[in-house]
Amino acid sequence: MIKKTEDDIMKNWETIEAPLVSICCIAYNHENYIEEAIDSFLIQETNFPFEIIIHDDASTDNTVDKIKVYRKKYPQLIKTILQVENQFSQGKNPMRLLNEKSKGKYIAICEGDDYWIDAGKLQKQIDLMSQNPDCDMSFHAAEIYLNKNKHGKITGKHVNGNKIFSTSEVILGGGSFCPTASLIYRNGLFSPRPSYFDNAPVGDYFTQITGSLNGGLLYIDQVMSVYRQGVPGSWSSSMVESIDKVEKWSHDTLLSLNDLNIYLDKKYQNEIQQRISDHYYFMSLYYLKNGMHEKFKKSIETSFNLYKLDSITYHLCYSFRSFHSFPKLIKYLRKIKALLK
Numbered sequence: 067m068i069k070k071t072e073d074d075i076m077k078n079w080e081t082i083e084a085p086l087v088s089i090c091c092i093a094y095n096h097e098n099y100i101e102e103a104i105d106s107f108l109i110q111e112t113n114f115p116f117e118i119i120i121h122d123d124a125s126t127d128n129t130v131d132k133i134k135v136y137r138k139k140y141p142q143l144i145k146t147i148l149q150v151e152n153q154f155s156q157g158k159n160p161m162r163l164l165n166e167k168s169k170g171k172y173i174a175i176c177e178g179d180d181y182w183i184d185a186g187k188l189q190k191q192i193d194l195m196s197q198n199p200d201c202d203m204s205f206h207a208a209e210i211y212l213n214k215n216k217h218g219k220i221t222g223k224h225v226n227g228n229k230i231f232s233t234s235e236v237i238l239g240g241g242s243f244c245p246t247a248s249l250i251y252r253n254g255l256f257s258p259r260p261s262y263f264d265n266a267p268v269g270d271y272f273t274q275i276t277g278s279l280n281g282g283l284l285y286i287d288q289v290m291s292v293y294r295q296g297v298p299g300s301w302s303s304s305m306v307e308s309i310d311k312v313e314k315w316s317h318d319t320l321l322s323l324n325d326l327n328i329y330l331d332k333k334y335q336n337e338i339q340q341r342i343s344d345h346y347y348f349m350s351l352y353y354l355k356n357g358m359h360e361k362f363k364k365s366i367e368t369s370f371n372l373y374k375l376d377s378i379t380y381h382l383c384y385s386f387r388s389f390h391s392f393p394k395l396i397k398y399l400r401k402i403k404a405l406l407k
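Right, here's the structure in full:
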């Protein structure tokens, strides 16, 4: 826990009225990470007021106890929503509740296993969003950590210098275009909530698209957060446990993409069709890896018929789709690649 008091944090605020920014944090079994996340909120140096709202989705470890310690020390800054029953497992999105509780003009997102690494993050993003009033959302690059180890890799850096990305570019960029812990958007952006969220198994991708629809998505060319991979119990970790889960995720994702196309009056139909093709290609590789040859063949053919992607590996998969020894060939090539390293 940092040593700053509430007075230390609030001393440069030009007003102590309603918060300009609501920092929204979703936590679930993040006892090993939540303190780092909250500390990264509290070190923010701003000339405007902000609030911190933490939603714990009925954690079964010591996450809630740690959150309560912070709430006691920073009662004016930290508000909590502590569930006794897990909401996500009931199909309820905690982020919707956080949006409803937020008082700020802007909402900043950071999940409990990620954190910010720049004390000026909020001030920089809000200043630039104020200078670009047509942009409803902004983001920046992030470092990737695998568990506690630094990868040395950066995600979300697409160009040198700040840029406003179009909706077309965001759609084609896919779900990892923006690191989630980098996002700030205008409060009310999702009211009413667009219908294409109804079937979305993961909302990040569609959140980014929604944020770009008015005046594009504002990119700030700085690394100001950490994205942690491989966290036990995370959505990505749970996905590898079951083929049924992956197929359910795939089915719902395709429904949402089709819903998006209809919602946008097919204005971005070509881009969405390319993303659907890419999704089928992803599933074909998943089936290939798991030795499910017929599903691999069907998925790569569906992708190829929808939109032909520009990738040597992609065309190789399609060309050898009926060759039943193809999975063995792939394994053989991987062994050769490993030996050459």
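Just so we're aligned: the sequence shown equals residues 67 to 407 in my numbering.
Glycine included, each C-beta is placed from N, C-alpha and C at the ideal position.
Bear in mind the structure is a predicted one, so any value in this text is a computation, not a measurement.
- Per DSSP, glutamine 288 lies in no alpha helix (DSSP H) segment; the continuous beta strand (DSSP E) that holds it begins and ends at 283-295.
- Residue pairing for cysteine 91: DSSP places it in a beta bridge opposite Ile120.
- For tyrosine 346, there is no enclosing beta strand (DSSP E); the enclosing alpha helix (DSSP H) covers residues 335-355.
- For methionine 195, the uninterrupted alpha helix (DSSP H) segment begins and ends at 187-197.
- Separation of the CB atoms of aspartate 123 and glutamine 156 is rounded to 10 Å, and the pair is thereby denied contact status at 8 Å.
- In this structure, glutamine 288 places its C-beta atom within 8 Å of the C-beta atom of alanine 207.
- Excluding the 5 residues flanking it on each side, cysteine 90 has same chain C-beta neighbours closer than 6 Å at Ile119, Leu164, Ile173, Ile175, in chain order.
- Asparagine 98 and arginine 162 have their C-alpha atoms spaced approximately 25 Å apart.
- For the 8 Å CB-CB criterion, methionine 290 and serine 248 form a contact.
- Boundaries of the alpha helix (DSSP H) around phenylalanine 272: 270-278.
- Around the beta-carbon of glutamine 110, 16 or more other beta-carbon atoms lie within 10 Å, marking it buried.
- Boundaries for alanine 247: no alpha helix (DSSP H) harbours it, and the DSSP string shows neither H nor E there.
- For threonine 146, the enclosing beta strand (DSSP E) begins and ends at 144-148.
- Contact check between the segment 308-327 and the segment 219-234: fewer than three CB pairs, one atom from each, fall below 8 Å, which does not count as touching.
- One alpha carbon belongs to asparagine 152, the other to phenylalanine 389, and they sit about 46 Å apart.
- Measuring C-alpha to C-alpha distances from serine 278 to each of Phe205, Gln335, Glu313 identifies Phe205 as the nearest.
- Here DSSP, grouped into helix, strand and coil, assigns lysine 219 to strand.
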